[in-house]
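Beneath this line is the structure, given in structure tokens, with notes to follow.
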Amino acid sequence: MRLHTLFAIVFIAVQLVSTGAEAQKRPEKANKAGKAANRATGVPYATRPDVLDAAADMAQRRDLDAAWVRQALAQARRLPLVQRLVLPPPVGTPKNWRAYRVRFIEPKRVDAGVRFWATHRDTLERAEREYGVPAEIIVGIIGVETIYGQNTGSFRVIDALATLAFDFPAAHPRAADRAAFFRSELEQFLSLQSRLGADPLKPLGSYAGAMGLPQFMPSSRVKYAVDFDGDGVIDLSVSPADAIGSVASYFKAFGWKTGQPETYPVRFDAARLDRDALLAPDILPTFSVATFTAKGAVLEGDALQHTGPLALVELQNGDEPPSYVAGTENFYVITRYNWSSYYAMAVIELGRAVKAAMVR
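Per our numbering, residue 3 is the first one in the sequence shown, and the count goes up by one each step.
Quick look at the structure:
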């Protein structure tokens, strides 16, 4: 809204990674707009004293060549489109899980997922063995983020990050925090490009600066990406193996519990239901099974044997009644990639849909 990567944001978490992942909100429209933005001149930062002062500060703290950093930021451009895209929807816009779901669990994406899984089956199985993260979750992430590499973003990363670092829209309710986050990501990006000896003006990504098949933000790329194909280079844009291994590495770092389901079905006993108490912790797993059911949530089967904490996850459906699931610690881990329960459910359900299609 993709949109790893992170309102870590990973809406951009880790970040909006991941958890980078803001660009997945409006992928096709943003992708076309990004191409147009790159063709446009934009507003150059070369004449901004505050940006050039920031370049000197970044270079000093990161032990980078000051002239190189200054030249890179001088060639970055402020993109008004990026400023518009990061703004939240108007107040009062209803959330709608069913409408959100349809955008991701669609035949085109499922078919692409089947091809991706079939092509990279051995790599997915190896990632599952080494990190304990199921193939269907990895497939779900890459499918939601970029349709398996079909839409990795068309904004120059340096433009997107500089715009959000130095000109984050003041109308955003978290403008100061977000600007600080993106300034840190810009610094990480420049440091990474310098270390790799790579041109900082070339990488393309989402309007939030997320890159590659898994849409990692620069900090997530530094912390969690792995060379899973063993060629000595980490390349999340060209190597599906590196993308697969890096997603698994990310989840393992955030505490993925091997073998634990992400969700359980839940219904309610109206006579005992304390919905407000169940929803108070939001999606943070807080309740034992005994406490969960004592407050009116009804679980069945394997859910009754669950040993970890649970959360009641509410998914609004516009004017229709909400949908609910019991979320486990693994559900919460998925939201560290992108801080949205709707996003996490889309990842889970896309992965399940692709897995089901594989055995037809």
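Backbone N, C-alpha and C define an ideal beta-carbon position, used for all residues, glycine too.
Start and end residues, beta strand (DSSP E) containing Ala328: Within the sequence shown, residue 328 is the residue found at index 326, counting from 1. From DSSP, the beta strand (DSSP E) with Ala328 extends over Glu322 to Gly329.
By alpha-carbon positions, which one of Ala358, Ala164, Ala57 and Glu351 ends up nearest to Trp99? Taking the first residue of the sequence shown as position 1, residue 99 is located at position 97. Nearest C-alpha to Trp99: Glu351.
What residues are listed by DSSP as bridge partners for Asn319? Taking the sequence shown and counting its residues from 1, the one referred to as residue 319 is at position 317. The partner list for Asn319 (beta bridge, DSSP) reads Asn98 and Glu322.
Taking the C-alpha atoms as reference points, what is the distance between Ala346 and Val335? Position 344 of the sequence shown, counting from 1, holds the residue named residue 346. Position 333 of the sequence shown, counting from 1, holds the residue named residue 335. Answer to the nearest angstrom: the Cα atoms are 9 Å apart.
Per the DSSP calculation, Val300 is bridged to which residue(s)? On the sequence shown, position 298 is the one that residue 300 refers to. According to DSSP, which records beta bridges pairwise, Val300 is partnered with Arg269.
Which one of Val315, Leu66, Tyr150 and Val104 has the shortest CA to CA distance from Thr288? Position 286 of the sequence shown holds residue 288. Of Val315, Leu66, Tyr150 and Val104, the residue nearest in Cα terms is Val315.
Sequence-distant residues of the same chain with beta carbon closer than 8 Å to Gly257, five excluded per side: Counting from 1 along the sequence shown, the entry for residue 257 is found at position 255. Listed in chain order, the non-local C-beta contacts of Gly257 below 8 Å within the same chain comprise Glu331 and Val335, local neighbours out to five positions each way being set aside.
Span of the alpha helix (DSSP H) around Ile140: Counted from its first residue, the sequence shown places residue 140 at position 138. Going by DSSP, Ile140 is part of the alpha helix (DSSP H) stretching over Ala137 to Thr148.
Should Arg362 be labelled buried (16 or more other beta-carbon atoms within 10 Å of its own) or exposed? As a working note, residue 362 is residue 360 in the sequence shown. Residue burial annotation: Arg362 is exposed, with fewer than 16 other C-beta atoms found within 10 angstroms of its C-beta.
Those runs of the alpha helix (DSSP H) which lie wholly inside the region 216 to 247 and span at least 4 residues: 220 to 226
Within a Cβ cutoff of 6 Å, which residues of the same chain sit near Val135, ignoring the five residues on either side of it in sequence? Locating residue 135 in the sequence shown gives position 133, counting from the first residue. Result list for Val135: Ala250, Phe253 and Trp258, in chain order.
Give the straight-line distance between the Cα atoms of Ala210 and Ala56, rounded to the nearest whole angstrom. Residue numbering aside, residue 210 sits at position 208 when the sequence shown is read from its first letter. Residue numbering aside, residue 56 sits at position 54 when the sequence shown is read from its first letter. One C-alpha to the other measures close to 20 Å.
For Arg41, which residues in the same chain have their Cβ closer than 6 Å to its Cβ, ignoring the five residues on either side in sequence? Residue mapping note: residue 41 aligns to position 39 of the sequence shown, counting from 1. Its pLDDT being 46, under 50, Arg41 is placed unreliably in this model, and the value from its coordinates should be taken loosely. For Arg41, where only same-chain residues beyond five positions count, there are no Cβ hits under 6 Å.
Who pairs with Gly207 in a beta bridge, going by DSSP? For the purposes of this step, residue 207 is taken as residue 205 along the sequence shown, with counting starting at 1. Beta-bridge pairing links Gly207 to Phe157.
DSSP three-state assignment for Phe191, whether helix, strand or coil: On the sequence shown, position 189 is the one that residue 191 refers to. Helix, per DSSP.
For Leu286, three-class secondary structure by DSSP: As a first step, residue 286 must be located in the sequence shown, where it is residue number 284. Correct three-state label for Leu286: coil.
According to the neighbour-count rule (16 or more other Cβ atoms, all chains shown, within 10 Å of its Cβ), is Asp201 buried or exposed? Start at 1 with the first residue of the sequence shown, and residue 201 comes out as number 199. Flag for Asp201 reads exposed.
Length of the line joining the Cα atoms of Leu281 and Val112: Here residue 281 is taken as the residue at index 279 of the sequence shown, counted from 1. Here residue 112 is taken as the residue at index 110 of the sequence shown, counted from 1. Leu281 and Val112: Cα-Cα distance of roughly 32 Å.
Alpha-carbon spacing of Gln152 relative to Thr295, whole angstroms: Taking the sequence shown and counting its residues from 1, one reaches residue 152 at position 150. Taking the sequence shown and counting its residues from 1, one reaches residue 295 at position 293. Roughly 44 Å separates the two Cα atoms.
Which of helix, strand or coil does DSSP assign to Pro109? Looking up residue 109 in the sequence shown gives position 107. If DSSP states are grouped into helix, strand and coil, Pro109 belongs with the helices.
By how many angstroms is the C-alpha of Ala358 removed from the C-alpha of Tyr47? Indexing the sequence shown from 1 puts residue 47 at position 45. Indexing the sequence shown from 1 puts residue 358 at position 356. A straight-line Cα-Cα distance of about 50 Å links Tyr47 and Ala358.
To the nearest angstrom, report how far apart Gly353 and Glu322 are at their CA atoms. Locating residue 353 in the sequence shown gives position 351, where the first residue counts as 1. Locating residue 322 in the sequence shown gives position 320, where the first residue counts as 1. Their Cα atoms are separated by approximately 26 Å.
Determine the closest residue to Gln2 out of Asp52, Ser156 and Ala167, with distance taken between C-alpha atoms. Residue 2 lies beyond the range of the chain shown here (3 to 362); nothing can be said about it.
Just the C-alpha distance for Leu364 and Val71, rounded to the nearest angstrom, thanks. Residue 364 lies beyond the stretch modelled for the chain, which goes from 3 to 362, so this question has no answer here.
State the beta-bridge partners of Arg362 as determined by DSSP. Residue numbering aside, residue 362 sits at position 360 when the sequence shown is read from its first letter. Answer is none; Arg362 lacks a bridge partner.
If you measure from the CB of Val146, is any heavy atom of the ligand SAM nearer than 7 Å? This structure does not include the ligand SAM; it has no bound ligands of any sort.
Under 8 Å between C-beta atoms of Glu187 and Leu163: For this step, residue 187 is matched to residue 185 along the sequence shown. For this step, residue 163 is matched to residue 161 along the sequence shown. In this structure, Leu163 lies closer than 8 Å to Glu187 by Cβ.
What is the DSSP secondary structure of Pro175, counted as helix, strand or coil? Numbered from its first residue, the sequence shown carries residue 175 at position 173. The answer is coil: DSSP assigns Pro175 none of H, G, I, E or B.
Beta-bridge pairing of Arg418 - partner residues as DSSP gives them: Absent from the structure is residue 418, since the part of the chain shown begins at 3 and ends at 362.
So for Ala89, helix, strand or coil by DSSP? Taking the first residue of the sequence shown as 1, we reach residue 89 at position 87. The residue you asked about is not Ala; residue 89 is Leu in the sequence shown. If DSSP states are grouped into helix, strand and coil, Leu89 belongs with coil.
Under 8 Å by Cβ, that's how I've got Ile140 and Ala74 pegged, so tell me the actual separation to the nearest angstrom. As a working mapping, residue 140 is identified with position 138 in the sequence shown. As a working mapping, residue 74 is identified with position 72 in the sequence shown. At roughly 33 Å, the Cβ-Cβ gap does not stay under 8 Å, so Ile140 and Ala74 are not in contact.
Evaluate Gly145 with the Cβ neighbour count: other Cβ atoms within 10 Å of its Cβ, from every protein chain shown; 16 or more gives buried, anything less gives exposed. Along the sequence shown, read from residue 1 onward, the residue named residue 145 stands at position 143. When all chains shown are included, Gly145 counts as buried.
Euclidean distance between Cα positions of Glu127 and Ala167: As a first step, residue 127 must be located in the sequence shown, where it is residue number 125. As a first step, residue 167 must be located in the sequence shown, where it is residue number 165. So the alpha carbons of these two residues sit roughly 39 Å apart.
Tell me Met2's beta-bridge partners as DSSP assigns them. Residue 2 falls outside the range modelled here, since the chain spans only 3 to 362, and no answer is possible.
For Val291, count neighbouring Cβ atoms within 10 angstroms of its own Cβ and tell me buried if that reaches 16, exposed if not. Taking the sequence shown and counting its residues from 1, the one referred to as residue 291 is at position 289. If you draw a 10 Å sphere on the C-beta of Val291, you find 16 or more other C-beta atoms in it, and that means buried.
Would you mind giving the Cβ-Cβ distance between Leu206 and Arg158, rounded to the nearest angstrom? I have them listed as a contact below 8 Å. Locating residue 206 in the sequence shown gives position 204, counting from the first residue. Locating residue 158 in the sequence shown gives position 156, counting from the first residue. About 6 Å separates the two Cβ atoms, so the contact holds.
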